[in-house]
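Here is the structure we will look at, set down as structure tokens.
This is the structure in structure tokens:
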């Protein structure tokens, strides 16, 4: 895989660097860019990885991971374009930004792989979707899949599906956090101390996720197994359906998809 530079060492960038180190990569083969000096010094002290400029990253790294916010992409590409080596692979972790944007701004023929990760990367449990750009081949996708496997699971999708992936799994953890928050509030409403309600719900979420991940049953069957005739669960499900929770979730994810599309269109020439 050669040397790797992460351009933008925010939470996702740092999580990737940490995962690469945990996966056996040498700190000497890793670099990062960070515009805030205090943050750069903190990361260098914590991981022993060298902070560099974008120009230095392009000169020293074989694979460059762009992990900045979509609205910050223009200056990064402007700095990168004049110094990028022809053999370099560019990996974009920027939500909503198509590979065509990078291909237009960077030297002709630059291989680009688009990735939509999510924040469970911070605990080594990310779900990342990868898509090859025009000049990226199967070997590039394989390389990026290997890179991301150190921080979670990876699936390959056509780039046309990336906006849907962004809405579903990229933003997905926030939906679960929102639901857990609401359930903790419900526990407090029912008279439980906050700490007890939180422990009950968080462990229930962890257990349910493990059943989904390790079992062979469909979510419907798992839910039905908890839902006894005339019991407490079916009464709760009735209220969720009455209040349109399923429809609201569908609409919310569709709205997230539409916003991802808007982010990409904002950078069209």
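Residue numbers (this note's numbering): 945 to 1213. Built from N, CA and C at the ideal position, the CB exists for glycine as well.
Measuring straight from C-alpha to C-alpha, what distance separates residue 1008 and residue 1002? Rounded to whole angstroms, residue 1008 to residue 1002 spans 7 Å at the Cα level.
On a Cα-Cα basis, can you pick out the residue from 967, 1069, 976 and 1169 that is closest to residue 992? When only C-alpha atoms are compared, the closest one is 976.
Please go through the same chain and pick out, in chain order, the residues whose beta-carbon is closer than 7 Å to the beta-carbon of residue 1014, but skip the five residues on each side of it. A distance below 7 Å between beta-carbons, with the five flanking residues on each side excluded, links residue 1014 to the following residues of its chain, in chain order: 1038, 1039, 1040, 1041 and 1207.
For a quick check, are the C-beta atoms of residue 1062 and residue 1114 less than 7 Å apart? Their beta carbons are under 7 Å apart, which means residue 1062 touches residue 1114 by this criterion.
Grab me the residues of residue 1088's own chain with a C-beta within less than 7 Å of its C-beta, minus the 5 sequence neighbours each way, in chain order. The answer, listed in chain order, is 1035, 1057, 1059 and 1074.
What residue does the beta strand (DSSP E) around residue 977 start on, and which one ends it? Counting along the chain, residue 977 sits inside the beta strand (DSSP E) bounded by residues 974 to 977.
Given this structure, state the Cα-to-Cα distance separating residue 1065 from residue 1138, to the nearest angstrom. Straight through space, the alpha carbons of residue 1138 and residue 1065 are spaced by roughly 28 Å.
Going residue by residue through the region 1028 to 1072, where are the continuous beta strand (DSSP E) segments of at least 3 residues, counting only ones entirely within it? Residue ranges of uninterrupted beta strand (DSSP E) with 3 or more members, entirely inside the region 1028 to 1072 and ordered along the chain, are 1033 to 1036 and 1056 to 1060.
In the DSSP assignment, what residue or residues form a beta bridge with residue 948? Within the DSSP secondary-structure output, residue 948 pairs in a beta bridge with 974 and 1007.
Counting beta carbon pairs with one atom in the region 1189 to 1198 and one in the region 1026 to 1035, are three or more of them shorter than 8 Å? Under the Cβ criterion (8 Å, minimum of three pairs), the region 1026 to 1035 does not count as touching the region 1189 to 1198.
Sorted by chain position, which residues of the same chain lie with C-beta nearer than 7 Å to residue 1095's C-beta, five sequence neighbours on each side aside? The residues are 959, 960, 963, 1065, 1068 and 1070.
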